[in-house]
Amino acid sequence: EDFYRKEIEVDSSPSVLEILDTAGTEQFASMRDLYIKNGQGFILVYSLVNQQSFQDIKPMRDQIIRVKRYERVPMILVGNKVDLEGEREVSFGEGKALAEEWSCPFMETSAKNKASVDELFAEIVRQMNYAAQPNGDEPCCASCAIL
402 EDFYRKEIEV DSSPSVLEIL DTAGTEQFAS MRDLYIKNGQ GFILVYSLVN QQSFQDIKPM
462 RDQIIRVKRY ERVPMILVGN KVDLEGEREV SFGEGKALAE EWSCPFMETS AKNKASVDEL
522 FAEIVRQMNY AAQPNGDEPC CASCAIL
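Residue numbers (the working numbering): 402 to 548.
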């Protein structure tokens, strides 16, 4: 598991993301509930070139909902490695359908060539800010977990 800090500007407001990248590891699975409890937004990433990783993302989402105790958690489903289109095992339609089932946005990215990565972080910040200000309060600070 790796921790990162990322400073970005979203809709003319500065935001600092504190990112925990679990990379799907089970090494610290016992700590995951704590990370989820403290997280404000979640980016669920699977590999477009690995059907099993797409299946593995579903229990992670279930765990988030269980720990957070509500369905409307700021979350984005992401298919990564769009740069390896010729090796694709998960179609765009499969990812989009799952995101619609979960009522969350869906994106395809490439961490390797940074395709849509900035847009991804901007979108999770927007979701977290929206969730944090039901009465028009100030946007909150951002804490994000990538699972």
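Think of the CB as a built atom: it goes at the ideal place given N, C-alpha and C, for glycine as much as any other residue.
- Query: Do E410 and F455 come within 8 Å of each other at the CB atom, strictly closer than that value?
  - Reply: For this step, residue 455 is matched to residue 54 along the sequence shown. For this step, residue 410 is matched to residue 9 along the sequence shown. No; because the gap between Cβ atoms is not below 8 Å, this pair is not in contact.
- When DSSP labels each residue in this structure, what does V417 get in the three-state scheme? Along the sequence shown, read from residue 1 onward, the residue named residue 417 stands at position 16. Three-state result, V417: strand.
- DSSP state of D519, grouped into three classes? In the sequence shown, the residue the question calls residue 519 occupies position 118. Here D519 sits in helix by DSSP.
- Message: Beta-carbon within less than 8 Å of I466's beta-carbon, same chain only, minus the 5 sequence neighbours each way: which residues are those?
- Response: Within the sequence shown, the letter at position 65 stands for residue 466. Only E472, V474 meet the Cβ criterion.
- Message: Give me, in chain order, the residues of the same chain whose beta-carbon lies closer than 6 Å to that of R433; leave out the 5 immediate sequence neighbours on both sides.
- Response: Against the sequence shown, residue 433 aligns to sequence position 32. For R433, where only same-chain residues beyond five positions count, there are no Cβ hits under 6 Å.
- With DSSP run on the structure shown, which of helix, strand or coil describes Y531? Locating residue 531 in the sequence shown gives position 130, counting from the first residue. Here Y531 sits in helix by DSSP.
- Query: Taking the runs of the alpha helix (DSSP H) that are 4 residues or longer, which of them lie wholly in the stretch 450-482?
  - Reply: 452-469
- Query: With a Cβ-Cβ cutoff of 8 Å, do V417 and K438 count as a contact?
  - Reply: In the sequence shown, the residue the question calls residue 417 occupies position 16. In the sequence shown, the residue the question calls residue 438 occupies position 37. Contact: no.
- Query: Mapping DSSP to helix, strand and coil, what is V411?
  - Reply: As a position in the sequence shown, residue 411 is number 10, starting the count at 1. Correct three-state label for V411: strand.
- Query: Taking just the CA atoms, how far does V450 sit from A533?
  - Reply: Counted from its first residue, the sequence shown places residue 533 at position 132. Counted from its first residue, the sequence shown places residue 450 at position 49. For A533 and V450, the distance between alpha carbons rounds to 35 Å.
- Query: Got a sec? Which residues, its chain only, sit under 7 Å from Y405 by beta carbon, not counting five neighbours each side?
  - Reply: Mapped onto the sequence shown, residue 405 falls at position 4. Once the five neighbours on either side are set aside, the close Cβ partners of Y405 are I420, D422.
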